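Trainee:
Protein chains: 2
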Amino acid sequence: MKLYLNEVSNAPLRVRLALALKGIAVEEIRVDLERGGGEQHSSAFGAINPQHMLPVLVDGEHVVRQSLAIIEYLEELKPRPALLPPDRAGRTRVRSLALMIACDGQPLLNLRVRRYLADGLGLPAAQADRWFRHWMGQSLAEYEAVLARDGMSGRFSHGDAPTLADVCLVPQVLMAERFGVPTSGYAQVMRAFEACMALPEIRSVVDRARALDCAPEALR
Amino acid sequence: MKLYLNEVSNAPLRVRLALALKGIAVEEIRVDLERGGGEQHSSAFGAINPQHMLPVLVDGEHVVRQSLAIIEYLEELKPRPALLPPDRAGRTRVRSLALMIACDGQPLLNLRVRRYLADGLGLPAAQADRWFRHWMGQSLAEYEAVLARDGMSGRFSHGDAPTLADVCLVPQVLMAERFGVPTSGYAQVMRAFEACMALPEIRSVVDRARALDCAPEALR
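Protein chains in written order, with the numbering used here: chain A, 1426 to 1645; chain B, 1426 to 1645.
(1) Please tell me whether methionine 1426 of chain A has its Cβ less than 8 Å away from any Cβ of chain B.
(2) Taking just the CA atoms, how far does glycine 1610 of chain B sit from alanine 1436 of chain B?
(3) For arginine 1441 of chain A, count the other beta carbons within 10 Å of its own beta carbon; 16 or more makes it buried, fewer makes it exposed. Which is it?
(4) Run through chain B and tell me which residues come within less than 9 Å of proline 1538 of chain A, C-beta to C-beta.
(5) Where does the unbroken beta strand (DSSP E) through histidine 1583 of chain B begin, and where does it stop?
(6) Counting beta carbon pairs with one atom in the stretch 1525–1542 of chain A and one in the stretch 1495–1507 of chain B, are three or more of them shorter than 8 Å?
(7) Taking C-beta pairs closer than 7 Å, name the residues in chain B that arginine 1574 of chain A reaches, listed in chain order.
(8) Tell me which residue opens and which closes the alpha helix (DSSP H) that lysine 1447 of chain A is part of.
(9) Is glutamine 1552 of chain B close to chain A, meaning its C-beta is less than 8 Å from at least one C-beta of that chain?
(10) Label leucine 1637 of chain B either buried or exposed according to how many other C-beta atoms from any shown protein chain fall within 10 Å of its C-beta, with 16 as the threshold for buried.
(11) For chain E, check one thing: does any of its Cβ atoms lie closer than 8 Å to the Cβ of methionine 1525 of chain B?
(12) Hey, which unbroken runs of the beta strand (DSSP E) at 3 residues or more fall wholly within the stretch 1465–1550 of chain B?
(13) How would you call alanine 1445 of chain B, buried or exposed, if buried means at least 16 neighbouring beta carbons within 10 angstroms?
(14) Check the Cβ-Cβ distances between alanine 1514 of chain B and every residue of chain A, and say whether any is below 8 Å.
(15) When you compare the CB of glycine 1462 of chain A with every CB in chain B, is at least one pair closer than 8 Å?
(16) Check whether chain A comes within 8 Å of tyrosine 1498 of chain B, counting only Cβ atoms and requiring the distance to be less than that.
(17) Along chain B, in chain order, which residues have C-beta atoms closer than 8 Å to that of glutamine 1491 of chain A?
(18) How many angstroms separate the CA atom of serine 1578 of chain A from the CA atom of alanine 1523 of chain B?
(19) Look up serine 1578 of chain A in the DSSP assignment and say whether it is helix, strand or coil.
(20) Taking the Cβ atom as the reference point for each residue, do asparagine 1474 of chain B and arginine 1490 of chain B lie within a distance shorter than 8 Å?
(21) Is any beta-carbon of chain B found at less than 8 Å from that of arginine 1645 of chain A?
(22) Can you check which of these residues, A:Gly1485, A:Glu1619, A:Met1600, is closest to leucine 1428 of chain A by C-alpha distance?
(23) DSSP on tyrosine 1429 of chain B, reduced to helix/strand/coil?
(24) Taking 8 Å as the threshold (beta carbon to beta carbon), is alanine 1419 of chain B in contact with chain A?
(25) From the beta carbon of glutamine 1633 of chain A, is the nearest beta carbon of chain B less than 8 Å away?
(26) Checking the sheet assignment: what are the DSSP bridge partners for arginine 1455 of chain B?
(27) Taking glycine 1545 of chain A as the query, report the chain B residues whose CB atoms sit under 9 Å from its CB, ordered along the chain.
(28) Closest to histidine 1487 of chain B by C-alpha separation, out of A:Asp1554, A:Ala1443, A:Ser1521, A:Glu1501, would be which residue?
(29) Using a cut-off of 7 Å between C-beta atoms, extract the partners of tyrosine 1541 of chain B located in chain A.
(30) May I ask you to report which of helix, strand or coil DSSP gives glutamate 1626 of chain A?
(31) In chain A, which residues lie with their C-beta within 7 Å of the C-beta of alanine 1450 of chain B?
(32) Our contact map puts histidine 1583 of chain A next to alanine 1590 of chain A with C-beta atoms below 8 Å; I'd like the distance itself, whole angstroms only.
(33) Considering only residues of the same chain and omitting the five flanking positions on each side of arginine 1439 of chain A, which have a CB-CB separation below 7 Å?
(34) Can you tell me whether valine 1606 of chain B is helix, strand or coil according to DSSP?
(35) Check whether the Cβ atoms of proline 1510 of chain A and threonine 1588 of chain A lie closer than 8 Å to each other.
(36) Can you give me the C-alpha to C-alpha distance between histidine 1477 of chain B and methionine 1615 of chain A, rounded to a whole angstrom?
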């Protein structure tokens, strides 16, 4: 299997965490988001993903786009260790936590949106920064509220093993960290994040992403 | 089962279309997004969904949030008629099409984002309008490109029966229509949309949403 990714981007990192937890090795192909205005916009990459976004998993003849669809695919391919709980209620809760970040959290913060705020709408950096802090704070606060409320959280977002929810949460917290958004006010979120970081499989992927991301990414 | 919804909003409409296709009746509870600054922000609704967003499905003791998690739940509860194909490749493609809209398309366009652009960032209406047209156009163009490219589309987004992808696509097209974003340039998208609209189950839900939405919603 081949995974097209950028090492520091949010959505590809979800897939890398899922692969690490499941112990699946893939060939990683880096797509540079900066070089020549972004290799993801090239026609060569467009032939793989007409949406021109990362990540993409290529498994033989199957081309799988969208991080959550990739992880559901991996879950079907190699069910153990499971990233979705065996019970319907648990599975549903984990999917809804993951979607809170994947739909309402991260897409408002990703590179193409930040570029459009700056270059498309001509927003000054301070306004773009306000946007980022607002939606990142909102995303963490909402996740915190759900974890705190329904009594199904354990050491991780759901129970005592890492799930699809955690592989979405970890990159979101890392992104907050990278952009200097405070995370200390979100006790449940940080408890789940730290539980993830205590797992060597997750730690090594995160350490590699952090090492590559030594220069703080500019908001533009 | 109870479904908390707003009749014209995008994400709740996905669930209503899924329910209609599966022939599942629910009690609908309307949450007014305008009254008193929005009933979704009330503490009463916050007890049901700490994220203060629609839709929410309540099935006995199970509270299910996030439209795609709700539809996966319904799919497990009542597998026929199926909204996910029986084969892994098809299921994966349908999930990725649905996520293209649910993650990268609609969240950039929804009410809370439009309100934040106007009230949080103080963007003039013309700028907010540009934002909307840009991301709606992008969303339809990307969906079109995937449908056109990979040869797995049929009458619908995937094959010759409606799926999870279509129940996400239909509300997106309706939203484009409501905001006056042209859709005629997206031949594959509109072919799938029209195939959906030819189904009485979908038609009746859409007609009801359109009738309630007689006054075009302002961008603010």
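For each residue, glycine too, the CB sits at the ideal point set by N, CA and C. Computed from a predicted structure; not experimentally measured.
Mentor: Put simply:
(1) Taking 8 Å as the CB threshold, methionine 1426 of chain A stays off the interface with chain B.
(2) So the alpha carbons of these two residues sit roughly 24 Å apart.
(3) Arginine 1441 of chain A should be labelled buried.
(4) At residue 1538 of chain A the sequence reads valine, which differs from the proline that was named. Near valine 1538 of chain A (Cβ distances below 9 Å), the residues of chain B are Leu1533, Trp1560.
(5) Per DSSP, histidine 1583 of chain B belongs to no beta strand (DSSP E) and is neither H nor E.
(6) Too few Cβ pairs lie closer than 8 Å, so no.
(7) Those within 7 Å of arginine 1574 of chain A in chain B are Pro1475.
(8) That run of the alpha helix (DSSP H) goes 1435–1447.
(9) A Cβ of chain A is located within less than 8 Å of the beta carbon of glutamine 1552 of chain B.
(10) Exposed: under 16 other Cβ atoms inside 10 Å.
(11) Annotation note: the requested chain E is absent from the structure, which comprises protein chains A and B.
(12) The stretch 1465–1550 of chain B is shown to contain whole beta strand (DSSP E) runs of 3 or more residues at 1481–1484, 1487–1490, in chain order.
(13) Classification of alanine 1445 of chain B: buried, given that the 10 Å Cβ count is 16 or more.
(14) Yes, because at least one Cβ of chain A sits closer than 8 Å to the Cβ of alanine 1514 of chain B.
(15) Not an interface residue.
(16) It does: the Cβ of tyrosine 1498 of chain B has a partner Cβ on chain A nearer than 8 Å.
(17) Those are Arg1520, Ser1521, Leu1524, Met1525, Cys1528, listed as they occur along chain B.
(18) Between serine 1578 of chain A and alanine 1523 of chain B, the C-alpha separation is close to 27 Å.
(19) Secondary structure at serine 1578 of chain A: strand, using DSSP grouped into helix, strand and coil.
(20) A contact, by the Cβ cut-off of 8 Å.
(21) Reliability of the predicted coordinates at arginine 1645 of chain A is poor, the pLDDT of 31 falling under 50, and the value obtained from them is presented with this limitation in mind. Not an interface residue.
(22) With respect to the C-alpha of leucine 1428 of chain A, the residue from A:Gly1485, A:Glu1619, A:Met1600 having the closest C-alpha is A:Gly1485.
(23) The answer is strand: DSSP assigns tyrosine 1429 of chain B an E or B state.
(24) There is simply no residue 1419 of chain B to check, as chain B begins at 1426 and stops at 1645 in what is shown.
(25) Looking at the sequence itself, residue 1633 of chain A is arginine, so the reference to glutamine does not match. For arginine 1633 of chain A, the answer is no, since every Cβ of chain B falls outside 8 Å of its Cβ.
(26) Answer is B:Leu1430.
(27) Near glycine 1545 of chain A (Cβ distances below 9 Å), the residues of chain B are Arg1555, Trp1556, His1559.
(28) Taking only the C-alpha atoms, the option nearest histidine 1487 of chain B is A:Ser1521.
(29) Neighbours of tyrosine 1541 of chain B on chain A, chain order: His1559.
(30) In this structure, glutamate 1626 of chain A counts as helix in the three-state DSSP scheme.
(31) Within 7 Å Cβ-Cβ: nothing; alanine 1450 of chain B doesn't reach chain A, min ~20 Å.
(32) With a Cβ gap of about 6 Å, histidine 1583 of chain A and alanine 1590 of chain A count as contacting.
(33) Take arginine 1439 of chain A, set aside five residues on each side of it, and the residues of its chain with a beta-carbon closer than 7 Å to its own are Ser1492, Ile1496, Val1592, Cys1593, Pro1596, in chain order.
(34) It is coil, neither helix nor strand.
(35) Yes; because the gap between Cβ atoms is below 8 Å, this pair is in contact.
(36) C-alpha separation (whole angstroms): 22 Å.
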